[in-house]
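**Q** The structure that follows is given in the form of C-alpha cells.
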C-alpha cells in the first residue's frame, strides 16, 4: 500500500524540490481549487489553464509558504483566486476595449451549472449562502460584495460571521453523527 | 487593530481570504502568534472554509495534470527562479552576445584598418625614398649636364683655339689639348693623354711671355678639363714635370711639351 504523507511532510518534500510531492498535493487539492477557479472565471478551458498556472506557482513559490501563518490550503486558495482574478482583469480590459455589450451578453449566456453550490452551505439561509458565495466563489472583496448584495458593509460582515458559525454547527453535528455511528457499530 | 476588532470586525475572514494589504497581514499575523486562543479560532475557520471547498470540489479533466507534468518536466530550473526572470536573463545574455559581436567586429576592422594604414605608410615611405633618390639623381644629372655643357661651350666655340701639346723626347707619346679663348681670356686643358707620374711629381703649365716663363697652374691628370690661368701676350704654352705641389720656376730639362700660339 502506498504510504500516505501528511500535508506537512509533502510540503517539506516540495520545498526540497521533490516534484512528486506536488502531484500528491494536486491529487488532494486540485478538485477544491478547480471548484473555486471555475466558479470565478466561468469558462472550463480557461479554468484548466488557470489551475495549471496555480500549481506551477505553488511549485515556484513553495519556499515562501510559512505553516505558522496558516494551512496550506488557505495559502493555495489565495494563489488560485488571485491568479484567476488577474487573468479575468486582463481579459475584461481587452474585451471592454472592443465591445462591452458583447462581453456582458456572453457572460450571461455562459452562466454554467457548476456555479451551483452543494454540501453544508445549502443548509444555510439564502443571504448567508450568497454572502459566502460572493467572497469565496466569486472572488469579491468584502467591500465589493456588500455593494453587490446591497447591504451595509457592517451587515455584510456579520452575514459572513453568522454563516461561518452556522456552517460550523452543521459540521459539528455531522461529526457527532459520525461519532455516534462509529460508537453504535462498535 | 486588536484581538477583539480582528475577531468581531471581520478582519480575520478578510485575512483568510487574502483581502488585506501587506502591512495589515503582518499585523494580524503577529497578533495571532501571541494569542493561542485566537489562533485556534482562525484554524477552525480555515478548516471550515477548506471543508466548504472540498464539498464544492469539481474534478478537473486529467489533461490538466498531464499538462502540468509536461510543464514541470520542462521547468528544470530551481523553483525559486521566476519564469519571468528567464527571458530577462536571455535578453541580458543576447545583449552581451550582441555587444561582444560588435566589439569583435570593431576589433577586426580596426586591426584590418591598422594593417592597411601600416602598409600604406610603408608604401608612402618607399615612394618618398624613391622620390628623394630620383631627386638626388636629377640634381647630379643636372650638375653633370651643366658641367658637361659648360665644358662643351668652353671648347666648342668659334673664339676658342684648340692647341695640341704632343710629348717630346722626354715623354714621347704623351699628349694634351689646350683650349684658349682670347676673348673671354680663358684657358682649359684636357690632360687625359698625359701618363701618370710618381706621387711626388706633378705636371705644371707655363706661359712664355718675352722669354719669361709665367706659372699657369699645376695640372692634375685625374680630371677631364682643368681651368688654368690665362696669361696675356703669351707666345707659347709649355708643360714641365715638377715636384708635387708645383714650382715657382720651371725645371727646363723636364719640359715635355710646348706649342706656339
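Chains as they are written, first to last, in our numbering: chain A, 166 to 351; chain B, 2 to 262. Note that CB positions come from ideal geometry on N, CA and C, so glycine has one too. Treat the numbers as computed from the prediction; the structure is a model and nothing was measured.
(1) Does any residue of chain B bring its CB to less than 9 Å from the CB of residue 307/A?
(2) How about residue 39/B: is its C-beta nearer than 9 Å to some C-beta of chain A?
(3) Using the three-state DSSP reduction, which class does residue 196/B fall into: helix, strand or coil?
(4) Whole angstroms are fine: how far does the CA of residue 249/B sit from the CA of residue 231/B?
(5) Would you list the one or two residues that DSSP bridges to residue 202/B?
(6) Between the C-alpha atoms of residue 243/A and residue 19/B, what's the straight-line distance to the nearest angstrom?
(7) How is the beta strand (DSSP E) around residue 228/B delimited, first residue to last?
(8) Give the C-beta separation of residue 180/B and residue 242/B to the nearest angstrom, bearing in mind that I take them to be a contact with Cβ-Cβ under 8 Å.
(9) DSSP state of residue 237/B, grouped into three classes?
(10) Would you call residue 106/B buried or exposed, if buried means 16 or more other Cβ atoms sit within 10 Å of its Cβ?
(11) Less than 9 Å between the C-beta atoms of residue 32/B and residue 21/B, yes or no?
(12) Going by beta carbon distance, what residues of the same chain come within less than 7 Å of residue 197/B, once the five residues before and after it are set aside?
(13) Would a check of beta-carbon distances place residue 88/B closer than 9 Å to chain A?
(14) Between the Cα of residue 48/B and the Cα atoms of 221/A, 346/A, 337/A, which residue gives the shortest distance?
(15) Among 305/A, 227/A, 234/A, which has the Cα closest to the Cα of residue 253/A?
(16) Mapping the DSSP letters down to three states, classify residue 320/A as helix, strand or coil.
(17) Between which two residues does the alpha helix (DSSP H) holding residue 5/B run?
(18) Ends of the alpha helix (DSSP H) at residue 218/B?
(19) Among the candidates 181/A, 294/A, 288/A, whose CA atom is the shortest distance from the CA of residue 230/A?
(20) If we cut at 9 Å on Cβ distances, does residue 178/A have a partner in chain B?
(21) Under 7 Å Cβ-Cβ, which residues of chain A neighbour residue 20/B?
(22) Give the straight-line distance between the Cα atoms of residue 334/A and residue 179/A, rounded to the nearest whole angstrom.
(23) Buried or exposed: residue 115/B, going by 16 or more other Cβ atoms within 10 Å of its Cβ?
(24) Is residue 63/B helix, strand or coil when you go by DSSP?
(25) Would residue 302/A be called buried (16 or more neighbouring beta carbons within 10 Å of its own) or exposed?
(26) Mapping the DSSP letters down to three states, classify residue 306/A as helix, strand or coil.
(27) Count the C-beta pairs between the segment 44 to 58 of chain B and the segment 232 to 243 of chain A that are closer than 8 Å, then say yes if the count reaches three, no if not.
(28) Can we say the segment 26 to 42 of chain B touches the segment 313 to 327 of chain A, given the rule of at least three CB pairs closer than 8 Å?
(29) In angstroms with no decimal places, state the Cα-to-Cα distance between residue 133/B and residue 147/B.
(30) To which residues does DSSP link residue 209/B through a beta bridge?
(31) Which word fits residue 350/A, buried or exposed, when buried means at least 16 other C-beta atoms lie within 10 angstroms of its C-beta?
(32) Taking beta-carbon pairs under 9 Å, can you tell me which members of the segment 52 to 63 of chain B lie near chain A?
(33) 9 Å is my cut-off, CB to CB: does residue 197/A come that close to chain B?
**A** In short:
(1) yes
(2) no
(3) Shown here, residue 196/B sits in coil according to DSSP, grouped into three states, outside any helix or strand.
(4) 17 Å
(5) Note: residue 202/B sits in a beta bridge opposite 244/B.
(6) 6 Å
(7) That run of the beta strand (DSSP E) goes 227 to 229.
(8) Their Cβ separation, rounded to whole angstroms, is 22 Å, which puts residue 180/B and residue 242/B out of contact at 8 Å.
(9) Strand, per DSSP.
(10) exposed
(11) Contact flag unset, no.
(12) 222
(13) Low per-residue confidence applies at residue 88/B: pLDDT is 43, beneath 50, and the placement is therefore not dependable enough to give any value.
(14) 337/A
(15) The residue with the shortest Cα to Cα distance from residue 253/A is 305/A.
(16) helix
(17) 4 to 9
(18) Careful: residue 218/B lies outside any alpha helix (DSSP H), inside the beta strand (DSSP E) at 213 to 220.
(19) 181/A
(20) Chain B has no Cβ within less than 9 Å of the Cβ of residue 178/A.
(21) 306, 307, listed in chain order.
(22) Distance from the CA of residue 334/A to the CA of residue 179/A, rounded to the nearest whole angstrom, comes to 35 Å.
(23) exposed
(24) Under the three-state reduction of DSSP output, residue 63/B falls in the helix class.
(25) buried
(26) In this structure, residue 306/A counts as coil in the three-state DSSP scheme.
(27) yes
(28) no
(29) In a straight line, the C-alpha of residue 133/B is about 21 Å away from that of residue 147/B.
(30) 214/B, 237/B
(31) Answer is exposed; the Cβ neighbour count stays below 16.
(32) 52, 53, 54, 55, 56, 57, 58, 59, 60, 61, 62
(33) yes
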